[in-house]
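Working notes for the structure below.
2 protein chains.
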Amino acid sequence: MTGSVLDAEGLRDRVQKRLDSFLESQAPLLDDVSDDLGPLIDTLRGLLTGGKRLRPAFCYWGWRGAAADDGDAIVDAATALELLQACALIHDDVMDDSDTRRGQPSVHHRFAGLHRSSQWFGSPESFGTGAAILLGDLALSWSDELFFRSGLPADALLRAKPVYDLMRTELMAGQYLDLLEQARGGGSVERALRVTRFKAAKYTIERPLHLGAALAGAPETLLRTYSAYGLPLGEAFQLRDDVLGVFGDPTETGKPAGDDLREGKRTVLIAVALQQATPAQAAVVLRHLGDPHLSQRGIDDLRAVLVDTGALGHVEALISTLTDQALASLSPVADPAREVLAQLAVAATARRV
Amino acid sequence: MTGSVLDAEGLRDRVQKRLDSFLESQAPLLDDVSDDLGPLIDTLRGLLTGGKRLRPAFCYWGWRGAAADDGDAIVDAATALELLQACALIHDDVMDDSDTRRGQPSVHHRFAGLHRSSQWFGSPESFGTGAAILLGDLALSWSDELFFRSGLPADALLRAKPVYDLMRTELMAGQYLDLLEQARGGGSVERALRVTRFKAAKYTIERPLHLGAALAGAPETLLRTYSAYGLPLGEAFQLRDDVLGVFGDPTETGKPAGDDLREGKRTVLIAVALQQATPAQAAVVLRHLGDPHLSQRGIDDLRAVLVDTGALGHVEALISTLTDQALASLSPVADPAREVLAQLAVAATARRV
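Each protein sequence line maps, in turn, to chains A and B.
Take 24 as the starting number for the first sequence in our numbering and just add one per residue.
Take 24 as the starting number for the second sequence in our numbering and just add one per residue.
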């Protein structure tokens with residue numbers, strides 16, 4: 024996504040500053056425990072540098088769309104979502120055994136490297152996994168800590184906490200369904216869409232908007248408007264991500280070309296292709312998908328099947344329809360949030376291949 | 024620990040009832056997402072059945088010791104600590120690759136078994152690890168959810184939240200230090216005691232007492248009293264656990280005999296033994312400790328070294344001194360909490376071998 028609309032109100036800089044100052048305030052706590060904890064906070068700081076800050080943006084604009092004023096406290100509360108996302112990324116990379124994240128070694132690889140270079144006892148991989156599990160737990164804990172330290176009034180925080188809770192539960196549930204989908208070998212378009220709905224639509228867009236609205240004390244009708252915007256947009260956004268995962272430019276996605284194919288991700292794109300495939304095309308998919316040693320030739324063959332079955336065209340059409348649906352729901356939202364949310368919808372789903 | 028003092032005020036039953044009703048209230052959330060999420064809640068329910076409920080007990084008696092009255096809301100808030108502990112156990116078992124927990128298969132083994140019996144694709148072990156990471160994350164999230172849903176007044180909850188936050192951070196930090204200690208091969212009594220301090224003394228006893236006191240709005244002096252009681256007692260309690268891990272009855276500990284030795288746990292007991300050992304005795308320790316295939320003969324040889332070096336005697340004396348120190352600090356605490364905390368100190372550290 025091109026960055027400009029995400030930078031409205033200087034939001035990305037403000038989120039980064041808040042993350043920096045929060046980590047700085049936590050460092051002495053860890054130092055009090057032991058000098059040996061430096062790598063935990065350094066690694067988290069590294070992971071939290073960069074990123075699109077999508078979830079804080081939706082939370083912030085959910086607040087503004089309820090006609091609430093700009094302020095540092097709402098940015099702080101919104102920034103908490105980046106720490107939740109850090110947990111999701113760290114734990115997800117352990118589960119997928121991903122090598123890289125945002126162009127850097129993934130957290131468990133980084134700690135495995137520390138173990139190796141320190142020539143410690145035991146398995147570097149086990150140490151890396153253990154450290155990454157704990158750092159994810161720390162990020163998850165720190166997320167609601169930052170939320171409550173935002174300086175918003177107690178009644179606003181307590182009113183919004185159930186939304187925050189629901190969002191976390193849906194995130195974990197969606198991740199488990201994703202795991203299950205890979206284990207079952209996928210296949211159904213409906214089940215793949217359900218994973219998308221919970222992992223992306225609700226967690227990335229709808230619930231952050233709801234959180235901002237609940238903090239602002241918005242009426243139930245605005246929450247419904249945000250669902251009508253956020254759910255189709257979230258699905259469209261995830262579908263765009265799936266397309267980029269197969270056809271995207273590695274310098275933009277931050278992942279090696281074909282990584283999603285090597286991982287065997289059971290996306291909607293794949294499910295549609297399998298539904299439409301001839302036996303010969305299906306055989307290509309089943310032979311290559313999830314092969315960790317997939318070659319460029321294999322990637323090209325898979326891409327051809329995704330195009331020739333019409334799956335790519337179908338998914339592009341679905342992205343357009345869902346995005347239009349999202350845009351059509353925005354009229355009750357207060358300006359300037361309405362305009363920003365419209366631009367976000369377009370930017371998040373634009374064709375980039 | 025014999026149960027009676029932990030049952031004072033019917034606490035164990037009340038905690039169990041609250042856990043049951045909380046999980047029952049969460050089940051529909053997961054059912055709304057998908058029918059496939061049943062194993063998550065069933066597994067968590069299984070793990071949360073039984074257990075000593077030590078942390079809820081210390082939180083509850085921390086509240087009562089501030090002269091606050093019994094009530095269901097404080098039991099609810101205290102019960103939140105069992106969900107935090109569930110996260111710690113689930114993730115700990117993944118990190119240690121433990122087979123069992125409380126006499127049942129550990130969570131990651133249980134999900135690996137589900138994968139195997141369902142004949143799904145991919146590695147059962149990876150699926151088990153992924154599911155256990157997510158279920159631990161869910162338990163961690165649900166812990167502060169239950170805390171805020173306890174029905175205690177908003178000002179009490181917000182006043183106590185920083186204690187809760189600190190406790191979680193110290194728990195994760197302590198777990199990381201433990202991991203680091205195993206990787207470095209341990210050796211220093213001082214470093215082993217530091218792990219004990221954070222993993223056990225602060226997390227199990229001092230912070231739960233502080234949490235209860237903060238919820239009750241107790242003065243700072245009572246928090247200091249609880250530290251003076253909780254820190255030495257927590258160390259004594261962990262030392263007792265270390266001794267039981269080597270010399271204890273498997274029917275009481277719920278772990279196979281010698282499991283801590285097979286895992287290579289770098290406890291204070293081991294550190295003292297290595298410090299006092301002759302070269303021949305040290306060789307026995309280094310040969311057997313951490314051997315996953317350690318035989319009964321090897322266990323007996325290791326036990327003999329722990330006795331003959333005087334390490335066991337030293338640790339028993341340390342347990343006595345620390346327990347006496349804890350007992351001597353209780354005078355400012357309101358009755359009946361003072362009496363119960365005194366009994367808890369004795370019960371938690373009593374010799375059982």
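Even for Gly, the Cβ is constructed at its ideal location relative to N, Cα and C.
Inter-stretch contact (C-beta, 8 Å, three-pair minimum) for the region 160 to 173 of chain B and the region 110 to 124 of chain B = yes
Using a C-beta cutoff of 9 Å, does E213 of chain B count as contacting chain A?
-> no
If L292 of chain B sits next to V307 of chain B, beta carbons under 8 Å apart, how far is it from one beta carbon to the other, in whole angstroms?
-> About 14 Å; that fails the 8 Å criterion.
Measuring CB to CB, does V130 of chain B end up less than 9 Å from L169 of chain B?
-> no
Does any CB atom of chain C fall closer than 9 Å to the CB of L161 of chain A?
-> The question asks about chain C, but that chain is absent: this structure's protein chains are A and B.
Cβ-based burial, S311 of chain A [other Cβ within 10 Å; buried from 16] | Reading off the sequence shown, one finds His at residue 311 of chain A, where the question assumed Ser. H311 of chain A is buried by the Cβ-count criterion.
What residues from chain B crowd round I342 of chain A, counting only those whose CB sits closer than 8 Å?
-> Neighbours of I342 of chain A on chain B: none; closest Cβ ~24 Å, over 8 Å.
Below 8 Å, can you find three or more Cβ-Cβ pairs linking the region 272 to 287 of chain A to the region 240 to 257 of chain A?
-> no
CA-to-CA distance, R374 of chain A to A340 of chain A, given in whole angstroms | 11 Å
8 Å contact criterion, which T66 of chain B and R139 of chain B should meet: CB distance rounded | That pair is no contact at about 15 Å.
Excluding the five sequence neighbours on either side, which residues of its own chain have a C-beta within less than 7 Å of the C-beta of A360 of chain A, listed in chain order?
-> W84, R87 and G88
Would you please verify whether the beta carbon of Y226 of chain A is less than 9 Å from any beta carbon of chain B?
-> no
Residues from the region 186 to 201 of chain A in contact with chain B, defined by Cβ distance under 8 Å | D188, L189, R191, T192, E193, M195, A196, G197, Q198, Y199 and L200
Where R320 of chain B falls, given that 16 or more other Cβ within 10 Å makes a residue buried | exposed
Going by other Cβ atoms of all chains shown within 10 Å of its Cβ, with 16 needed for buried, is A177 of chain A buried or exposed?
-> exposed
Return the residue from the list B:I97, B:R289 and B:L234 that minimises the CA-CA distance to A215 of chain B.
-> B:R289
Grab the span of the alpha helix (DSSP H) containing V28 of chain B for me, first residue to last.
-> Run containing V28 of chain B: none; DSSP gives neither H nor E here.
What number of angstroms, rounded off, separates the C-alpha of G257 of chain A from the C-alpha of A371 of chain A?
-> 9 Å
Determine the extent of the alpha helix (DSSP H) in which W165 of chain A is found, giving its start and end residues.
-> P147 to F171
In whole angstroms, what separates the C-alpha of E193 of chain B from that of S250 of chain B?
-> 15 Å
Under 9 Å (Cβ pairs) to chain B, residues found in the region 313 to 324 of chain A = G313
Any chain B beta carbon closer than 9 Å to A154 of chain A | yes
Only counting runs of 4 or more residues, tell me where the alpha helix (DSSP H) segments fall wholly within the region 185 to 245 of chain A, in order along the chain.
-> 212 to 219 and 230 to 238
Measuring CA to CA, which of A:D54, A:R68, A:L77 and A:D55 is closest to F45 of chain A?
-> A:R68
How about Q366 of chain B and T332 of chain B: do their beta carbons lie closer than 9 Å?
-> no
Taking C-beta pairs closer than 7 Å, name the residues in chain B that Q205 of chain A reaches, listed in chain order.
-> G145
Proximal residues, the region 52 to 65 of chain A versus chain B, C-beta separation under 7 Å = L52, L53, V56, S57, D59, L60 and L63
Assigned secondary structure, P255 of chain B (DSSP; H/G/I helix, E/B strand, else coil) = helix
Applying a beta-carbon distance threshold of less than 9 Å, which residues of chain A neighbour V117 of chain B?
-> T152, G153 and I156
Ordered along the chain, which non-local residues of its own chain (more than five positions away) have a Cβ less than 7 Å from that of P231 of chain A?
-> R78, F81, C82, G85 and L104
Out of B:R76, B:V212, B:A236 and B:L254, which has the shortest C-alpha to C-alpha gap to K225 of chain B?
-> B:L254
Start and end residues, alpha helix (DSSP H) containing P79 of chain B | L77 to R87
Are the C-beta atoms of H311 of chain B and some chain A residue less than 9 Å apart?
-> no
Extent of the continuous alpha helix (DSSP H) to which S140 of chain B belongs | V130 to S140
Does the distance from the C-beta atom of S121 of chain B to that of E286 of chain B stay below 9 Å?
-> yes
Within the same chain, show all residues whose beta-carbon is closer than 8 Å to that of L34 of chain A, passing over the 5 residues directly before and after it, in chain order.
-> R76, P79, A80, Y83 and V98
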